[in-house]
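Just add 3 to wherever you are in the sequence shown, counting from 1, and you've got my numbering.
First up is the structure itself, then whatever we jot down about it.
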Amino acid sequence: MINTALIGQGYWGEKLKNTLDIIKDCNLIQTIDIKNNQSISDLSNDVEAVVIATPAVDHLQQITKALQKNLHVYVEKPICMNIQECDQIAKHIISDKVLMTGHILLYNDCVQYIKDTVDFTQVKSINIDRQNWGRYQHSITPISSFAPHDVAMLDYWLDGLKIKDCNVQNIKVINKNVPDIQIINFSHNTININIKYTWLSVGKYRRVDIFSPSSCVTFDDMSKTVTSNNNYFDGQRFDYQPQQITKHFAHEPLEKEMQHFFSCIKNNLQCRTGFEHAYKITKMVDTLND
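Written as structure tokens, this is what we have:
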């Protein structure tokens, strides 16, 4: 088993802790709570891997110190705040250590099902809606927080995302430092992509709609479902009772993601969402933020 420390005891840190407890190759021997003035400097000498779930503004420092300690590293998305910070991390990369970023949608069975079943050469429009009543943010935009999920997903679905003609609408309601709402529009080849992000929403939504002339596919991450509406348009009018198929996926993407991390360590495998992947995703997220 791999001696592991968890850094960060917030909302997602607790989810990670519960997951790490059931990963067979993980021996969680230490938890560090930065809110109690603990730091990576307090790590036990026998720790071999760290799982970082601190605010994104701390990621550069945490990752750098972990790599300097010759540790395997898993860090929640985003890997860091921008591509300049990625360049700093690159200076400390260790060839025989795993550095993995939590792009959890790539371990999601719904996302894989869509990859396997949707012909994206026929798709004309993709709408993405991520809204929730999140904690008040001072230093990170909704794009920086949410977009790593969707950019990684789109990059996978489209065999390499190409962002063109990007337009971003920034809306401030209560926040003076960063937008509370961001609405993004860009194109990839012949596909128009529309995204809305906000943590200023009473309801919680995680939804993707994929439109082609012959079908509409909806991925609802809250209900873990993919719904296909086939032949919804007959050339003249919409069919309000189209052929509809809904598939439910009883899966745990976080568990699958953690299993992959420890498998890569144990078997010396290349990580699916390693540093090169995170670098590419960060560069595209920066494009949306510019």
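Backbone N, C-alpha and C fix where the C-beta goes; we use that ideal spot for every residue, glycine too.
Notebook entry, point to check: Just reading off the alpha helix (DSSP H) that Cys339 is part of, what are its end residues?
Noted result: With the chain covering only 4 through 293, there is no way to say anything about residue 339.
Checklist line | Inter-residue CB distance, Leu108 and His62 (contact presumed, cutoff 8 Å) | finding: Their Cβ separation, rounded to whole angstroms, is 19 Å, which puts Leu108 and His62 out of contact at 8 Å.
Notebook entry, point to check: CA-CA distance, Ile66 and Asp183?
Noted result: 28 Å
Check: Would Glu79 pass as a contact of Ile55 if the rule is Cβ separation under 8 Å?
Finding: yes
Check: Where do the N-terminal and C-terminal ends of the beta strand (DSSP E) with Asp158 fall, by residue?
Finding: Element bounds for Asp158: not the beta strand (DSSP E) but the alpha helix (DSSP H), 145-160.
Notebook entry, point to check: Within 10 angstroms of its Cβ, does Trp160 collect 16 or more other Cβ (buried), or is it exposed?
Noted result: buried
Checklist line | Classification of Gln12 by the beta-carbon crowding that lies within 10 angstroms, buried from 16 upward | finding: buried
Next item on the list: Give the DSSP-derived three-state secondary structure of Met261 in the structure shown.
Entry: helix
Note to self: For Ile86 and Thr285, which I take to be in contact (beta-carbon distance under 8 Å), what is that distance rounded to the nearest angstrom?
What the structure shows: 5 Å
Note to self: Tell me the residue span of the beta strand (DSSP E) that contains Met287.
What the structure shows: Here Met287 belongs to no beta strand (DSSP E); instead the alpha helix (DSSP H) covers 278-292.
Next item on the list: Kindly identify the DSSP beta-bridge partner or partners of Lys199.
Entry: Asp132, Ile186
Check: Taking Cβ positions only, does Asn195 come closer than 8 Å to chain D?
Finding: No chain D is present in this structure, which holds just one protein chain.
Item checked: Any alpha helix (DSSP H) of 4 or more consecutive residues that is wholly inside the stretch 12-69 -> 14-23
Next item on the list: Over the uninterrupted beta strand (DSSP E) stretch that includes Thr193, give me the two end residues.
Entry: Note, Thr193: premise wrong, no beta strand (DSSP E); not H, not E.
Check: Does DSSP classify Asp168 as helix, strand or coil?
Finding: strand
Next item on the list: Measure the C-alpha to C-alpha separation of Ser226 and Lys207 and round it to an integer number of angstroms.
Entry: 11 Å
Notebook entry, point to check: Ordered along the chain, which non-local residues of its own chain (more than five positions away) have a Cβ less than 6 Å from that of Ser100?
Noted result: The sequence shown places Lys at residue 100, rather than the Ser named in the question. Counting only Cβ-Cβ distances below 6 Å, and skipping sequence neighbours, we find His75.
Notebook entry, point to check: DSSP on Asp111, reduced to helix/strand/coil?
Noted result: With the sequence shown as reference, residue 111 is identified as Asn, and Asp is not the correct amino acid for it. Here Asn111 sits in coil by DSSP.
Checklist line | Lys199, buried or exposed, once every other Cβ within 10 Å from all chains shown has been counted against 16 | finding: buried
Item checked: Residues near Gln125 in its chain [Cβ-Cβ closer than 8 Å; skip 5 each side] -> Ser215, Pro216, Ser217
Next item on the list: Report buried or exposed for Val205, applying the criterion of at least 16 other Cβ atoms within 10 angstroms of its Cβ.
Entry: exposed
Next item on the list: Rounded to whole angstroms, what's the CA-CA distance from Leu70 to Cys267? Just pull it up for me.
Entry: 16 Å
Checklist line | First through last residue of the beta strand (DSSP E) which encompasses Lys250 | finding: 246-251
Next item on the list: Would you mind giving the Cβ-Cβ distance between Ile194 and Ser128, rounded to the nearest angstrom? I have them listed as a contact below 8 Å.
Entry: 7 Å
Next item on the list: Report all residues from its chain with a CB closer than 6 Å to the CB of Glu88; omit the five preceding and five following residues, and keep chain order.
Entry: Leu63
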